[in-house]
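Line by line, the protein sequences are chains A and B. Numbering follows full-length UniProt numbering, with no gaps: position 209 of the first sequence is 209. Numbering follows full-length UniProt numbering, with no gaps: position 240 of the second sequence is 240. Note that beta-carbon positions come from the ideal geometry of N, C-alpha and C, so glycine has one too. If you're wondering where the values come from, they're calculated on a predicted model, not measured in any experiment.
Number of protein chains: 2
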Amino acid sequence: MKVVIVGGVAGGASTAARARRLSESAEIIMFERGPDVSFANCGLPYYIGGEIQEREKLLVTKPSLLNKRYRIDVRTRTEIVAIDRRAKQVRARNLGDGVEYLESYDFLVLAPGAAPWKPPIEGVDLPGVFTLRNLEDVDRIKDFVDRGVEHAVIVGAGFIGVELAENFLRRKLRTTIVELQDQVIPVVDREMTTPIAEALRSRGATLLLRESVEAMRKSADGLTLNLKSGRTLDAGLVVLGVGVRPENQLAVAAGLEIGPRGGIRVDDGMQTSDPSIYAVGDAVETRDFLTGGRTQVPLAGPANRQGRIAADNIFGRESRYRGTQSTAIVGFFDHTLATTGLTEKVLVRDRTPFFKVYVHANHHAGYYPGAKPLSIKLLADPLTGKVLGAQAVGSEGVANRINVLAAAIQAEMTIRDLAEVELAYAPQFGSAKDPVNMAGFVASNAADGLCPQVHVDQWEGELGKRAALIDVRTPQEFAAGAIPGAVNVPIDELRERLDEIPRDRPVVAYCQVGMRGYMAVLILRDAGLDAYNLGGGYKTYRLHHPASDEHA
Amino acid sequence: MKVVIVGGVAGGASTAARARRLSESAEIIMFERGPDVSFANCGLPYYIGGEIQEREKLLVTKPSLLNKRYRIDVRTRTEIVAIDRRAKQVRARNLGDGVEYLESYDFLVLAPGAAPWKPPIEGVDLPGVFTLRNLEDVDRIKDFVDRGVEHAVIVGAGFIGVELAENFLRRKLRTTIVELQDQVIPVVDREMTTPIAEALRSRGATLLLRESVEAMRKSADGLTLNLKSGRTLDAGLVVLGVGVRPENQLAVAAGLEIGPRGGIRVDDGMQTSDPSIYAVGDAVETRDFLTGGRTQVPLAGPANRQGRIAADNIFGRESRYRGTQSTAIVGFFDHTLATTGLTEKVLVRDRTPFFKVYVHANHHAGYYPGAKPLSIKLLADPLTGKVLGAQAVGSEGVANRINVLAAAIQAEMTIRDLAEVELAYAPQFGSAKDPVNMAGFVASNAADGLCPQVHVDQWEGELGKRAALIDVRTPQEFAAGAIPGAVNVPIDELRERLDEIPRDRPVVAYCQVGMRGYMAVLILRDAGLDAYNLGGGYKTYRLHHPASDEHA
Numbered sequence: 001m002k003v004v005i006v007g008g009v010a011g012g013a014s015t016a017a018r019a020r021r022l023s024e025s026a027e028i029i030m031f032e033r034g035p036d037v038s039f040a041n042c043g044l045p046y047y048i049g050g051e052i053q054e055r056e057k058l059l060v061t062k063p064s065l066l067n068k069r070y071r072i073d074v075r076t077r078t079e080i081v082a083i084d085r086r087a088k089q090v091r092a093r094n095l096g097d098g099v100e101y102l103e104s105y106d107f108l109v110l111a112p113g114a115a116p117w118k119p120p121i122e123g124v125d126l127p128g129v130f131t132l133r134n135l136e137d138v139d140r141i142k143d144f145v146d147r148g149v150e151h152a153v154i155v156g157a158g159f160i161g162v163e164l165a166e167n168f169l170r171r172k173l174r175t176t177i178v179e180l181q182d183q184v185i186p187v188v189d190r191e192m193t194t195p196i197a198e199a200l201r202s203r204g205a206t207l208l209l210r211e212s213v214e215a216m217r218k219s220a221d222g223l224t225l226n227l228k229s230g231r232t233l234d235a236g237l238v239v240l241g242v243g244v245r246p247e248n249q250l251a252v253a254a255g256l257e258i259g260p261r262g263g264i265r266v267d268d269g270m271q272t273s274d275p276s277i278y279a280v281g282d283a284v285e286t287r288d289f290l291t292g293g294r295t296q297v298p299l300a301g302p303a304n305r306q307g308r309i310a311a312d313n314i315f316g317r318e319s320r321y322r323g324t325q326s327t328a329i330v331g332f333f334d335h336t337l338a339t340t341g342l343t344e345k346v347l348v349r350d351r352t353p354f355f356k357v358y359v360h361a362n363h364h365a366g367y368y369p370g371a372k373p374l375s376i377k378l379l380a381d382p383l384t385g386k387v388l389g390a391q392a393v394g395s396e397g398v399a400n401r402i403n404v405l406a407a408a409i410q411a412e413m414t415i416r417d418l419a420e421v422e423l424a425y426a427p428q429f430g431s432a433k434d435p436v437n438m439a440g441f442v443a444s445n446a447a448d449g450l451c452p453q454v455h456v457d458q459w460e461g462e463l464g465k466r467a468a469l470i471d472v473r474t475p476q477e478f479a480a481g482a483i484p485g486a487v488n489v490p491i492d493e494l495r496e497r498l499d500e501i502p503r504d505r506p507v508v509a510y511c512q513v514g515m516r517g518y519m520a521v522l523i524l525r526d527a528g529l530d531a532y533n534l535g536g537g538y539k540t541y542r543l544h545h546p547a548s549d550e551h552a
Numbered sequence: 001m002k003v004v005i006v007g008g009v010a011g012g013a014s015t016a017a018r019a020r021r022l023s024e025s026a027e028i029i030m031f032e033r034g035p036d037v038s039f040a041n042c043g044l045p046y047y048i049g050g051e052i053q054e055r056e057k058l059l060v061t062k063p064s065l066l067n068k069r070y071r072i073d074v075r076t077r078t079e080i081v082a083i084d085r086r087a088k089q090v091r092a093r094n095l096g097d098g099v100e101y102l103e104s105y106d107f108l109v110l111a112p113g114a115a116p117w118k119p120p121i122e123g124v125d126l127p128g129v130f131t132l133r134n135l136e137d138v139d140r141i142k143d144f145v146d147r148g149v150e151h152a153v154i155v156g157a158g159f160i161g162v163e164l165a166e167n168f169l170r171r172k173l174r175t176t177i178v179e180l181q182d183q184v185i186p187v188v189d190r191e192m193t194t195p196i197a198e199a200l201r202s203r204g205a206t207l208l209l210r211e212s213v214e215a216m217r218k219s220a221d222g223l224t225l226n227l228k229s230g231r232t233l234d235a236g237l238v239v240l241g242v243g244v245r246p247e248n249q250l251a252v253a254a255g256l257e258i259g260p261r262g263g264i265r266v267d268d269g270m271q272t273s274d275p276s277i278y279a280v281g282d283a284v285e286t287r288d289f290l291t292g293g294r295t296q297v298p299l300a301g302p303a304n305r306q307g308r309i310a311a312d313n314i315f316g317r318e319s320r321y322r323g324t325q326s327t328a329i330v331g332f333f334d335h336t337l338a339t340t341g342l343t344e345k346v347l348v349r350d351r352t353p354f355f356k357v358y359v360h361a362n363h364h365a366g367y368y369p370g371a372k373p374l375s376i377k378l379l380a381d382p383l384t385g386k387v388l389g390a391q392a393v394g395s396e397g398v399a400n401r402i403n404v405l406a407a408a409i410q411a412e413m414t415i416r417d418l419a420e421v422e423l424a425y426a427p428q429f430g431s432a433k434d435p436v437n438m439a440g441f442v443a444s445n446a447a448d449g450l451c452p453q454v455h456v457d458q459w460e461g462e463l464g465k466r467a468a469l470i471d472v473r474t475p476q477e478f479a480a481g482a483i484p485g486a487v488n489v490p491i492d493e494l495r496e497r498l499d500e501i502p503r504d505r506p507v508v509a510y511c512q513v514g515m516r517g518y519m520a521v522l523i524l525r526d527a528g529l530d531a532y533n534l535g536g537g538y539k540t541y542r543l544h545h546p547a548s549d550e551h552a
């Protein structure tokens, strides 16, 4: 058995190692165009910033180890230029001497990854304009930064953009992010990104939203960028982080089936339209675990698991990829934002019925020092209560909760299951009612009609024109900032002041996080009023309308 | 509707708040024997140590708030001395003036909690001998410590014992723990507690295992303890942390059904044998989610959820408690140990078939600074692959993984599901192959017979007498410490040195954590040898046999 693998990073290296573990006798050849295999692509920004100091650390596995331990014939700086499916062979080109040769295969695994997209704008190939994919890219960017550039412009406020911003700021560069959307981390719902946007600004980054670069030109001391708004920017270096495109050229040329967005099409055993060819990682189109639709999600975890699955199937062990649920996390200094499953914007786009709740809680018991606020947005199926998606933002404990919710989505748990999940509690690690339980409680209450709730976006539609708005917090909290138009009636006085509440129209009550608002709504409804709780209270309002207001 | 609640801490207060949310009109009376309601019992040790500085913080909710916001008639320092089930009334005694009175109920909820057990040994009631349950206890202990006691003896190395040790050490007290079992945190499997035992010792605590106190007597400057071994200890203060007993006196006197270990028996709606009486929290016997058997687990999270469920059922909303899975966590300075589901010792005791794997990994990507080692023990059903239990120990990321595994147990996920769970990965938060995925991989490989493994305990039985032991680590690692009797053949030389491996008996291979051992076993088996991987490698061996060896 002879297995040839194209690409030596996450998906390719995982395939190779698993293949050897499944067969001591197979011949395994791994081709890699670049000089390195199995490097830590997710660590690249942190090497620029100096958090990761030794370049060596980014090389997770070296060719020599793969060769010695796994007897994998690793051929770096070698590009596969063509596949001959009939003859079952590939044409390899040694990028050192240009010599080409044929290599036969029983099974071919394509793991070429995805390339950063270079938008077709003037100047995209100028010196000083970079994309970030591999160690060579990072060397070039770091070299530029080391030489004393003053101003970095990052195009795209996605995961890599925000991570680069952290690291440029750490290097004391003036940093500007230009983003086409009206938010950072566009794959996440906008309001959940507010703390990251505010942190970017408070750390000194300039955030230009709904903005794009139209042209880049050489200037006396670097580059001049013309933006869509007419504004110009001077930049010492520019990094483009506006998405990736599957490296599908080989697959296209070989006539393999390709998805509409360019991903190599595979079945859930990672087999392409040619039974002798498998494909894994950022280059493939996979199934979305939740929608069942086709998706392309460039993530390291799925790439690794897909490699394992491809090897299993090649060696006769049936193994299925269950689909991707797009779990992702990003840090920006002491802030963390994470997501799993579907977002509200995807649910709205797909016209999928859903309901949502917000929970604002401490990441561990409030009475123990160091408790940090954490916000969770939970999206669920109104009919079945199944969890459809979750996002969390805060400074501590974010990964912990998103991981639980990721497992919950995989296991098709409902909001009622979340109310009951028995998580670890000691005051320095959690709460007797963990934020995940709270999300389950709030969602169950909403689903049961126990506490009708409305959301900020609904309040800002028709409802806001008709309804009365009651702030049930303390006068001190009210004075420190409230939703325009609200009247303050503290919860603990509400029962005595019911006659102050208008009975001729809907009443929306809110507090800081939704707890007191909940009780207020129950009191008001018991008194015969048409009352609703503003989901997630003033804190959720503030996610939609940051104090800075620059976010709008 | 009139609901009377006996006990005002976790279970009682949760019942009361939920009851009010379900009915604005119900009359709700909550009796509490002590002066405080809803205090943070899990925080008590940290107030002694000064981590929590303000006593006020331990009072999560005050009677005045419960009264104002929830219109709960809170009667502290009032004990319920009898239940008249026929008349549906309780006899209350005001502990201030001794006045007794009757209070009727439609529904009664018992949430009396559990009392620290006082073993029947001489001197158990002497001044300076304490148990820890409430704020009054903690005031007394703190007062003793503040007065300058030098040596604290903690009897019992369970959760409270270890937490107290941390806090006494923080206060610079000489600290000794006396524990009957041969390990700390006896509810967890012994080898997983090794890092905590070692940390206790390295922080200066004296750990006396397989030891007990036979008598305590007053001495010139405190107390003298006679231990079973014949040893004596001088102590300034003694805290007994040897378990709790359900406060079942009222229930027993009222003729309610009681379990064999004293817990008030309830159905899964938290209803006792009297349909008008519910019971929740540490005083009840509940169902073990995994075994289906009866259990008593005094934990705050379950108590809170049970209170909610009791209120739901009282007010006609059907709600079922799904059983307890004994998720728990304990910190000792920068070490954390957590558990969920069944332990090996319980599985062995119950003769339940299981298999286990160990994973030693970093809590986040190793190439990012600050990665800390984390060990996971996973127990699974050999037939179905269902996760039966998990334990984790390390300094970071322990709660994160145990929480995922707790959700996995609740959702009846299998080891194969764990291999695929899509957790959040960026280098500062996790790994592309998270420790939970790794546990799933290793368990799946073991279940598939891909890599036969043996465990340290098996090696130490018959197998060790027959088998050859091969250490496949580097000579440097081997020289730094190896399992007695092992021969060093580094993995990367193994294929060339196969003739050195004996073919006439089983061969056990091991490395540091089990990864290289896995590859070694595959190479050896391919060569026709009867080879096995030592599960979890040298690190697991070291959990069983700490370098200190005092633990044995």
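According to DSSP, simplified to helix, strand and coil, what is Ala-390 (chain B)? To locate residue 390 (chain B), count along the second sequence from 1; it is residue 390. In this structure, Ala-390 (chain B) counts as strand in the three-state DSSP scheme.
So, does the CB of Arg-497 (chain A) fall closer than 8 Å to a CB anywhere in chain B? For the purposes of this step, residue 497 (chain A) is taken as the residue at position 497 of the first sequence. Look at Arg-497 (chain A): its C-beta is not under 8 Å from any C-beta on chain B.
Below-8 Å beta-carbon distance, Lys-386 (chain B) vs any chain A residue: As a first step, residue 386 (chain B) must be located in the second sequence, where it is residue number 386. Chain A contact via Cβ: absent.
Nearest-angstrom Cα distance between Thr-327 (chain A) and Ala-303 (chain B)? Within the first sequence, the letter at position 327 stands for residue 327 (chain A). Within the second sequence, the letter at position 303 stands for residue 303 (chain B). If I take the Cα positions, the gap works out to 32 Å.
Nearest CA to the CA of Val-99 (chain A): which residue from A:Thr-78, A:Arg-86, A:Asp-106? Sequence index remark: in the first sequence, residue 99 (chain A) carries index 99 (1-based). When C-alpha distances from Val-99 (chain A) are compared across A:Thr-78, A:Arg-86, A:Asp-106, the shortest belongs to A:Thr-78.
Give every residue of the same chain whose Cβ lies closer than 6 Å to the Cβ of Phe-152 (chain B), excluding the five residues on either side of it in the sequence, and list them in chain order. For the purposes of this step, residue 152 (chain B) is taken as the residue at position 152 of the second sequence. The question names Phe, but residue 152 (chain B) is Ala in the sequence shown. Excluding residues within five positions, the ones whose Cβ falls inside 6 Å are Phe-168, Leu-173, Thr-175, Leu-237.
Where the beta strand (DSSP E) containing Glu-27 (chain B) begins and where it ends: On the second sequence, position 27 is the one that residue 27 (chain B) refers to. Per DSSP, Glu-27 (chain B) belongs to the beta strand (DSSP E) from 27-31.
What residue ranges within the region 160-234 of chain B form continuous beta strand (DSSP E) runs of no fewer than 3 residues, ordered along the chain? Fully enclosed beta strand (DSSP E) runs of 3 or longer: 174-178, 206-208, 213-219, 222-227.
Based on DSSP bridge pairs, tell me the residues matched to Ala-361 (chain B). In the second sequence, counting from the first residue as 1, residue 361 (chain B) sits at position 361. According to DSSP, Ala-361 (chain B) bridges with B:Leu-374.
Quick one: is Ala-552 (chain B) buried, meaning 16 or more other Cβ sit within 10 Å of its Cβ, or exposed? Position 552 of the second sequence holds residue 552 (chain B). Unreliable positioning characterises Ala-552 (chain B) in this predicted model, as indicated by a pLDDT of 38, which lies under 50. A coordinate reading is not provided.
Is DSSP giving Gln-512 (chain B) helix, strand or coil here? Translated into the one-based positions of the second sequence, residue 512 (chain B) becomes position 512. Coil, per DSSP.
Any contact of the region 363-380 of chain A with the region 423-438 of chain A, i.e. 3+ C-beta pairs under 8 Å? Yes: the two stretches touch, three or more of their Cβ pairs being nearer than 8 Å.
How would you list, in chain order, the residues of chain B whose beta-carbon sits under 7 Å from the beta-carbon of Val-60 (chain A)? Within the first sequence, residue 60 (chain A) is the residue found at index 60, counting from 1. Within chain B, Tyr-367 have C-beta atoms less than 7 Å from the C-beta of Val-60 (chain A), given in sequence order.
Given Arg-542 (chain B) as reference, the closest of B:Pro-195, B:Ile-72, B:Asp-268 once Cα atoms are compared: As a position in the second sequence, residue 542 (chain B) is number 542, starting the count at 1. Cα-wise, what sits closest to Arg-542 (chain B) is B:Pro-195.
Could you please tell me which residues of the region 34-58 of chain A, in chain order, have their CB closer than 7 Å to any CB of chain B? Against chain B - using a Cβ distance shorter than 7 Å - the residues of the region 34-58 of chain A are Ala-40, Cys-42, Gly-43, Tyr-46, Glu-51, Ile-52, Lys-57, Leu-58.
Can you confirm whether Leu-164 (chain B), when its beta carbon is compared against all beta carbons of chain A, has any partner nearer than 8 Å? Position 164 of the second sequence holds residue 164 (chain B). No, Leu-164 (chain B) lies away from the interface with chain A (no Cβ there is under 8 Å from its Cβ).
Ignoring anything shorter than 3 residues or poking outside the region 282-328 of chain B, list the beta strand (DSSP E) runs there in chain order. Every beta strand (DSSP E) of 3 residues or more that sits fully in the region 282-328 of chain B is shown, in chain order, as 284-287.
Which runs of the alpha helix (DSSP H) spanning at least 4 residues fall entirely within the region 5-82 of chain B, listed in chain order? Runs of the alpha helix (DSSP H) inside the region 5-82 of chain B: 10-22, 44-49, 63-70.
Let me check understanding here. Comparing Cα to Cα, which of B:Thr-61, B:Pro-490, B:Arg-466 lies closest to Gln-476 (chain B)? Here the question's residue 476 (chain B) lines up with position 476 in the second sequence. Among B:Thr-61, B:Pro-490, B:Arg-466, the Cα nearest to that of Gln-476 (chain B) is on B:Pro-490.
Closer than 8 Å to chain B by CB, Thr-324 (chain A): Looking up residue 324 (chain A) in the first sequence gives position 324. Thr-324 (chain A) has a beta carbon lying within less than 8 Å of a beta carbon in chain B.
Members of the region 409-438 of chain A that neighbour chain B once the beta carbon cut-off is set at 7 Å: Cβ contacts with chain B: Gln-410, Ala-411, Met-413, Asp-417, Glu-420, Val-421, Glu-422, Leu-423, Ala-424, Tyr-425, Ala-426, Pro-427, Gln-428, Phe-429, Gly-430, Ala-432, Lys-433.
What does the alpha-carbon distance come out to for the pair Phe-315 (chain A) and Glu-24 (chain A)? As a first step, residue 315 (chain A) must be located in the first sequence, where it is residue number 315. As a first step, residue 24 (chain A) must be located in the first sequence, where it is residue number 24. Cα-Cα distance, rounded: 11 Å.
In the DSSP assignment, find the beta strand (DSSP E) that holds Ser-104 (chain A) and state where it starts and stops. Position 104 of the first sequence, counted from the first residue, corresponds to residue 104 (chain A). Start and end: 100-104.
Quick one: list the residues of chain A neighbouring Arg-21 (chain B), beta-carbon separation under 9 Å, in chain order. Position 21 of the second sequence, counting from 1, holds the residue named residue 21 (chain B). Neighbours of Arg-21 (chain B) on chain A, chain order: Asn-445, Leu-450, Cys-451, Tyr-518, Met-519, Leu-522.
Look at the alpha carbon of Ala-220 (chain B) and the alpha carbon of Asn-226 (chain B), and state the distance between them as a whole number of angstroms. Position 220 of the second sequence, counted from the start, is the residue given in the question as residue 220 (chain B). Position 226 of the second sequence, counted from the start, is the residue given in the question as residue 226 (chain B). Linking Ala-220 (chain B) to Asn-226 (chain B) through their CA atoms gives a straight-line distance of about 15 Å.
In chain order, which continuous runs of the beta strand (DSSP E) of length 3 or greater are located wholly inside the UniProt domain "Rhodanese" (463-550) of chain A? Runs found: 468-471, 507-510, 531-534.
Taking the alpha carbon of Asp-434 (chain A) as the point to measure from, which residue in B:Asn-403, B:Leu-450, B:Asn-445, B:Asp-417 has its own alpha carbon closest? Position 434 of the first sequence holds residue 434 (chain A). When each option's Cα is compared against that of Asp-434 (chain A), the closest is B:Asn-403.
Short check: CB of Gly-449 (chain A) to CB of Leu-418 (chain A), under 8 Å? Residue numbering aside, residue 449 (chain A) sits at position 449 when the first sequence is read from its first letter. Residue numbering aside, residue 418 (chain A) sits at position 418 when the first sequence is read from its first letter. No, these two residues do not count as a Cβ contact at 8 Å.
Show which residues of chain B have a CB atom less than 7 Å away from the CB atom of Val-404 (chain A). In the first sequence, residue 404 (chain A) corresponds to position 404, counting from 1. In chain order, Asn-403, Val-404, Ala-407 make up the part of chain B whose C-beta sits under 7 Å from the C-beta of Val-404 (chain A).
Can you have a look at Glu-550 (chain B) and say buried or exposed, based on whether 16 or more other CB atoms are within 10 angstroms of its CB? Sequence index remark: in the second sequence, residue 550 (chain B) carries index 550 (1-based). Bear in mind that a pLDDT of 41 at Glu-550 (chain B), under 50, signals an unreliable position, so the number given afterwards is only what the model happens to contain. With fewer than 16 other CB atoms across the displayed protein chains lying within 10 angstroms of its CB, Glu-550 (chain B) is exposed.
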